[in-house]
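Following my numbering, the numbering of the sequence shown begins with 1154 at its first residue and continues without gaps.
Cβ atoms here follow ideal geometry from the backbone N, Cα and C, with glycine treated the same way.
If you're wondering where the values come from, they're calculated on a predicted model, not measured in any experiment.
A short worksheet on the structure shown next.
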Amino acid sequence: MVQLSVVFLGLVAASASVQAVPILEKRIAQVISDSTAKWEQACLAAGGGQQCNPLSVTAFSTLLAAAGPCDQQNAADGLVNLSKQLKSSQMLALSQIFAQQPRNSPNSVAIPYCQTAPQNAELNGLFQCQFAGSNQNSFAGGAALGAAGTIPFGRTTPVSPLGSCPANPAGPVADGQQLTDITTNPNAPGGSAAAASPAATTAKAATTAKAATTAKAQTATAAAQTAATAAPAASQASASTPAATSGFALANGQDAQALNAKFATLTASSACTAGQNACVNGGFAQCVGGKFVVTQCGATLTCAALPLVNSRGTSITCTTTADAAARISATGATGGITGA
1154 MVQLSVVFLG LVAASASVQA VPILEKRIAQ VISDSTAKWE QACLAAGGGQ
1204 QCNPLSVTAF STLLAAAGPC DQQNAADGLV NLSKQLKSSQ MLALSQIFAQ
1254 QPRNSPNSVA IPYCQTAPQN AELNGLFQCQ FAGSNQNSFA GGAALGAAGT
1304 IPFGRTTPVS PLGSCPANPA GPVADGQQLT DITTNPNAPG GSAAAASPAA
1354 TTAKAATTAK AATTAKAQTA TAAAQTAATA APAASQASAS TPAATSGFAL
1404 ANGQDAQALN AKFATLTASS ACTAGQNACV NGGFAQCVGG KFVVTQCGAT
1454 LTCAALPLVN SRGTSITCTT TADAAARISA TGATGGITGA
């Protein structure tokens, strides 16, 4: 009888021990390059050329967990600036949707909101949605709902429903989902003509503008996503003429090769510096907490360092191997992507 009691008590203790184990919180991520892919395609179709990709990369990088609370809005301002310069209502609407894309969550909590006004009126009243798997009552950094940073700028009460945003007013977004795949309407709050313009012209942009630029958009899209057309080579050739005489084209190409060679040696466990960007195993990586957090590129793409065209330096983005090789070769650098 004593032995049975001991066994019973042991089972109770084991049961209590199991119940006391906390539920593990997961990291919620996405293919960040998908968030600006349609914007970049629209930019190429509108004639943005070499301006499109660097802005796209800068923007989607702000969706990583290590980004600051206003980095996404600042990047969206950059997208809006070029959208207005190119007079593209489609780009503008996509810029507004990007400003509302959920950011990666490091441990299943909501991400704080930016607490400053955007540069462009077209972004007034817009803020990021949250992923559905996040605890909407707890925010990164340990803040509870109602504390500073947990209510969007310009508001005095939490959003309702929690986790929603103007582009997805019904609630939070499914984990890993891109807003551009579920809506074409940023639902930007009205007021000024500029702010109302994307909402008022979305349908027109989806018909008239699309019809008017279908052939060009298809060519630009193929150029950006595959190596099946000659568009990348053609655009690079035209862009390389001024760059070739600028004195930095070759250096940019060689720097890109050196980076790609270095990236080939990296793994997710390689030592890194906070905020450092790189390519790891074909994915776009950012250093968080002393190690790389890797986000894979699209199915047909790989991460690579590319030479800038209009200034000294390089950019890191998701592209095709053939496009990366063509861009580097256009600078006069030899030896392919890595210079080998």
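Below 7 Å CB to CB, which residues in the same chain sit around residue i once its five sequence neighbours on both sides are set aside?
i            : result
residue 1489 : 1478
residue 1251 : 1188, 1189, 1192, 1212, 1229 and 1232
residue 1403 : 1484, 1485 and 1486
residue 1205 : 1193, 1196 and 1197
residue 1200 : 1239
residue 1309 : none
residue 1181 : 1257, 1258, 1261, 1284, 1286, 1287 and 1328
residue 1398 : Note that residue 1398 scores 42 on pLDDT, short of 50, meaning its location in the model is unreliable and no value can be drawn from it.
Looking at residue j and residue i, is the spacing between their C-beta atoms short of 8 Å?
i            : j            : result
residue 1255 : residue 1326 : yes
residue 1432 : residue 1444 : no
residue 1451 : residue 1210 : no
residue 1437 : residue 1186 : yes
residue 1279 : residue 1253 : yes
residue 1471 : residue 1459 : no
residue 1302 : residue 1414 : no
residue 1214 : residue 1430 : yes
residue 1446 : residue 1217 : yes
residue 1267 : residue 1306 : yes
residue 1339 : residue 1277 : no
residue 1311 : residue 1299 : yes
residue 1241 : residue 1263 : no
residue 1203 : residue 1462 : yes
residue 1506 : residue 1246 : The structure shown has nothing for residue 1506, since the chain only spans 1154 to 1493.
Quickly, what does DSSP pair residue i with across the bridge? List them, please.
i            : result
residue 1258 : 1181
residue 1460 : 1467
residue 1432 : 1437
residue 1449 : 1436
residue 1326 : 1284
residue 1333 : According to DSSP, which records beta bridges pairwise, residue 1333 is partnered with nothing at all.
residue 1415 : Bridge partners of residue 1415: none, in fact.
residue 1297 : 1291
residue 1455 : 1472
residue 1318 : 1321
Can you confirm whether residue i, when its beta carbon is compared against all beta carbons of chain B, has any partner nearer than 8 Å?
i            : result
residue 1413 : Note that chain B does not occur in the displayed structure, where there is just one protein chain.
Tell me which same chain residues have a C-beta within less than 6 Å of the C-beta of residue i, skipping the five on either side of it?
i            : result
residue 1248 : 1229, 1232, 1233 and 1236
residue 1270 : none
residue 1378 : Here residue 1378 scores only 38 on pLDDT, less than 50, and its place in the model should not be relied on; the value that follows carries that caveat. For residue 1378, where only same-chain residues beyond five positions count, there are no Cβ hits under 6 Å.
residue 1416 : 1431 and 1432
Kindly indicate the opening and closing residues of the alpha helix (DSSP H) around residue i.
i            : result
residue 1253 : No alpha helix (DSSP H) contains residue 1253, which DSSP labels as neither H nor E.
residue 1193 : 1190-1198
residue 1213 : 1205-1214
residue 1144 : Given that the chain is displayed from residue 1154 to residue 1493, the structure contains no residue 1144 and the question cannot be resolved.
residue 1481 : 1474-1482
residue 1427 : Segment: none, residue 1427 is in no alpha helix (DSSP H) and carries neither H nor E.
residue 1186 : Residue 1186 -> no alpha helix (DSSP H), and no H or E assigned at all.
residue 1235 : 1224-1238
On the DSSP letters alone, give me the boundaries of the beta strand (DSSP E) that residue i sits inside.
i            : result
residue 1289 : 1288-1292
In chain order, what residues of the same chain have a beta carbon less than 8 Å from the beta carbon of residue i, not counting five sequence neighbours either side?
i            : result
residue 1323 : 1314 and 1317
residue 1435 : 1449, 1450, 1455 and 1456
residue 1481 : 1406, 1409, 1410, 1459, 1460, 1489 and 1490
residue 1423 : 1433, 1444 and 1445
Whether or not the segment 1404-1413 and the segment 1464-1481 are in contact is what I'm after, with contact meaning three or more pairs of Cβ atoms, one per stretch, closer than 8 Å; do they touch?
With the cut-off at 8 Å, the segment 1464-1481 and the segment 1404-1413 touch.
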